[in-house]
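A.B. asks: Below you will find the structure I want to go over with you.
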Amino acid sequence: MGEPLDLVFSALRERLLRARGGMEVAADEPGNLIVKTPWIEPGKKEPAWFGAVQRKKNYVSCHLMPLYALPALRELVPPDLAKRMQGKSCFNFKAVDPGLFDMLESLTATCATAYATPVSAIPHRED
């Protein structure tokens, strides 16, 4: 089962890298891509997490932290993509799905635009 998940990881990795805007790659290794912001997270001493693609045993996860930090962005998640959502900022996939991956790439680009400014400077509501 490894090969199909490797294809899913590769496809999601490519899309996150394309849509990340000014976000910076913090880790890029087999089965694990981590992208962080260029700005320091309020209250921390390191850049905030923007997103990640991680290969798990039975699926591949794509995390988009702006969906958690800025809840209004969750309203932009298309219904078909929302079916793959776990929690507030994670999407899980077991197979390559170009249509859903296109939606996710577009959402990622929107999140990158929203995160171009440090979260502390962006008006948002608390959950």
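So the mapping is simple: my numbering equals the position in the sequence shown, first residue as 1, plus 1. Cβ atoms here follow ideal geometry from the backbone N, Cα and C, with glycine treated the same way.
Just curious, the beta strand (DSSP E) that T38 is in, first and last residue?
C.D. replies: The count along the sequence shown starts at 1 and reaches residue 38 at position 37. Looking at the DSSP string, the run of the beta strand (DSSP E) that includes T38 is N33 to I41.
A.B. asks: Which runs of the beta strand (DSSP E), 3 residues or longer, sit entirely within the stretch 89-121?
C.D. replies: Listed in chain order, the complete beta strand (DSSP E) runs (minimum 3 residues) inside the stretch 89-121 are 91-94.
A.B. asks: Suppose you measure from the CA of R75 to the CA of L18; what does that come to, to the nearest Å?
C.D. replies: The count along the sequence shown starts at 1 and reaches residue 75 at position 74. The count along the sequence shown starts at 1 and reaches residue 18 at position 17. Spanning the two alpha carbons is a distance of roughly 21 angstroms.
A.B. asks: Is the CB-CB distance between G23 and A117 below 8 angstroms?
C.D. replies: On the sequence shown, residue 23 is found 22 positions in, with the first residue counted as 1. On the sequence shown, residue 117 is found 116 positions in, with the first residue counted as 1. Yes. Within cutoff.
A.B. asks: Of the choices A83, W50, K45 and G44, whose alpha-carbon is the least far from that of T38?
C.D. replies: Residue 38 sits at position 37 when you count from the first residue of the sequence shown. When only C-alpha atoms are compared, the closest one is W50.
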